[in-house]
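Student: Below is a structure I'd like to ask you about.
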Amino acid sequence: MDNLIISCITVLLSSIFLFLQSNATSTYNVLSFGAKPNGQTDATQTFLKAWSAACSSVQPATIYVPRGRYLLKAATFRGPCQNRITVRIDGTLVAPLDYWAIGNSGYWLLFIQVNGISVIGGNLDAKGAAFWACRKSGNNCPVGARSITFNWANDVVISGLLSINSQLTHIVINSCNNVMVRKVRTIAPDQSPNTDGIHVQSSTGVTIIDSRFKTGDDCISIGPGTRNLWMENILCGPGHGVSIGSLARNYEEDGVQNVTLVYSIFTGSDNGLRIKSWARSSTGFVTNINYRNIVMKYVDNPIIIDQNYCPNKQDCPGETSGVKISQVTYENIQGTSTTPVAMKFDCSPSNPCKGIQIKDIKLTHMNKKAQSFCKNVQGSKKGLIFPDSCI
Ligand SMILES: *[C@@H]1O[C@H](CO)[C@@H](O)[C@H](O)[C@H]1NC(C)=O
1 MDNLIISCIT VLLSSIFLFL QSNATSTYNV LSFGAKPNGQ TDATQTFLKA WSAACSSVQP
61 ATIYVPRGRY LLKAATFRGP CQNRITVRID GTLVAPLDYW AIGNSGYWLL FIQVNGISVI
121 GGNLDAKGAA FWACRKSGNN CPVGARSITF NWANDVVISG LLSINSQLTH IVINSCNNVM
181 VRKVRTIAPD QSPNTDGIHV QSSTGVTIID SRFKTGDDCI SIGPGTRNLW MENILCGPGH
241 GVSIGSLARN YEEDGVQNVT LVYSIFTGSD NGLRIKSWAR SSTGFVTNIN YRNIVMKYVD
301 NPIIIDQNYC PNKQDCPGET SGVKISQVTY ENIQGTSTTP VAMKFDCSPS NPCKGIQIKD
361 IKLTHMNKKA QSFCKNVQGS KKGLIFPDSC I
């Protein structure tokens, strides 16, 4: 009897042990690799060492960055890794004050070919102000760096990240599948050039929710090859809005399809819902785009499709856009426009916009009815439309 009990207990204990072991994660604290949280000592190599240790771990690994400031130059965190990796950041990563230090690399923090990567928490301060000033002055400047980039990564989570004053785009998602971005904030001044909040391109299944963007360029910019993008509870402004484009930059270009933006608020932004293409020939297309339940507060161009983008006229010899835009739905869009034209569909003469559907729109300009503008557009309307629709 006693023996039976003992062997039962032994079996029980060893299964608990096995269970714990199978759920174990190895933790790699950057401090134990020699990082100094003082904001002064270059921590780049210590982070890269922690990365190689975590990346070769057979168990799921956590890289832990405790509170404090860590000075980082450009760093590439390369996969593939043995297992999932979580980077948990309680501290702030800062770039060197001299913008040349990261400015020639194109990327500050780059994750490449990693599957199952989560970045939880963390503040990024790229100290972009001197770089913007250099560009404004017309001096010889480096190309600039995006703050955090994911290239060829699958099953990515970015949660609770704050990025301030990026040199260029704050967050880039390029050639990725299955990405969850939540509770992210990006902050840069209104006039800081090319500081998009998030840029998504050549990626499938990206979700961006509960996030706030105050920045100098697009809050979210959506490039060629984006499919199944879901955006919900986004606050945008200042900034240039949520933009699909600019498309037709290149002749051979992948399309954008199945993009949804719901329950979002634009405040004082240059644009709200924008689709933009160069007036150039292209194989590109935009289809199945859904905008629903959106509030506009003093937005310059709340609803805009502009297919005639060509700031420098000689760049557009064909003069019309080859991008085919179809099945774009605007439903329950309300608020105020700072310009008289609140709804503008300026489509390509060679490829008119098709299947543009508007339903329940209420946009005013200085307490009066705003206007709408249509060129080369076909579609339908339902419900209350205010300004009067030209569709
Ligand atoms: C469209 O994208 C959503 C995610 O945003 C996805 O759930 C849905 O399956 C996609 N639809 C198609 C037809 O691919």
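The sequence shown finishes on residue 391 if you use full-length UniProt numbering, and the numbering steps up by one all the way, no holes. Here a beta-carbon is modelled for each residue, glycine too, at the ideal position from N, C-alpha and C.
1) For residue 55, I'd like the list of residues in its chain whose CB is within less than 6 Å of its CB, leaving aside the five on either flank, ordered along the chain.
2) Between the Cα of residue 342 and the Cα atoms of 318, 368, 64, 195, which residue gives the shortest distance?
3) So, is residue 280 buried or exposed, given that buried needs 16 or more other C-beta atoms within 10 angstroms?
4) Quick one: give me the first and last residue of the beta strand (DSSP E) that residue 134 is part of.
5) Should the segment 282-292 be regarded as contacting the segment 326-337, the criterion being three or more beta carbon pairs within less than 8 Å?
6) Excluding the five sequence neighbours on either side, which residues of its own chain have a C-beta within less than 7 Å of the C-beta of residue 25, listed in chain order?
7) Per DSSP, what kind of secondary structure is residue 114 in: helix, strand or coil?
8) In the DSSP assignment, what residue or residues form a beta bridge with residue 76?
9) Starting from the N-terminal end, write out each residue whose C-beta falls within a distance shorter than 5 Å of any non-hydrogen atom of ligand 1.
10) To the nearest angstrom, how far is it from the Cα of residue 213 to the Cα of residue 160?
11) Confirm, please, whether the CB-CB distance from residue 186 to residue 163 is below 8 Å.
12) If the criterion is Cβ atoms closer than 8 Å, does the pair residue 196 and residue 224 meet it?
13) Which one or two residues does DSSP pair with residue 331 in a beta bridge?
14) Looking at C-alpha atoms only, which residue of 72, 194, 175 is the closest neighbour of residue 97?
15) Closest to residue 277 by CA distance: which of 178, 95, 304, 259 is it?
16) Go through its chain and collect everything with a Cβ distance to residue 284's Cβ below 8 Å, but skip five positions before and after it.
17) How about the segment 189-203 and the segment 167-177: do they share at least three Cβ pairs that are nearer than 8 Å?
18) Could you give the distance in angstroms between the alpha-carbon of residue 143 and the alpha-carbon of residue 362?
19) Tell me, please, which residues DSSP counts as bridged to residue 97.
20) CA-CA distance, residue 384 and residue 238?
21) In whole angstroms, what is the alpha-carbon distance linking residue 392 and residue 37?
Tutor: Short version:
1) 81
2) 368
3) buried
4) Looking at the DSSP string, residue 134 is not in any beta strand (DSSP E); the run it does join, the alpha helix (DSSP H), is 129-137.
5) yes
6) 59, 60, 61, 62
7) coil
8) 110
9) 228, 230, 258
10) 13 Å
11) yes
12) no
13) 292, 359
14) 72
15) 304
16) 224, 247, 248, 253, 254, 255, 256, 277, 322, 323, 324
17) yes
18) 42 Å
19) According to DSSP, which records beta bridges pairwise, residue 97 is partnered with nothing at all.
20) 29 Å
21) In this structure the chain extends from 1 to 391, so residue 392 is not present and cannot be described.
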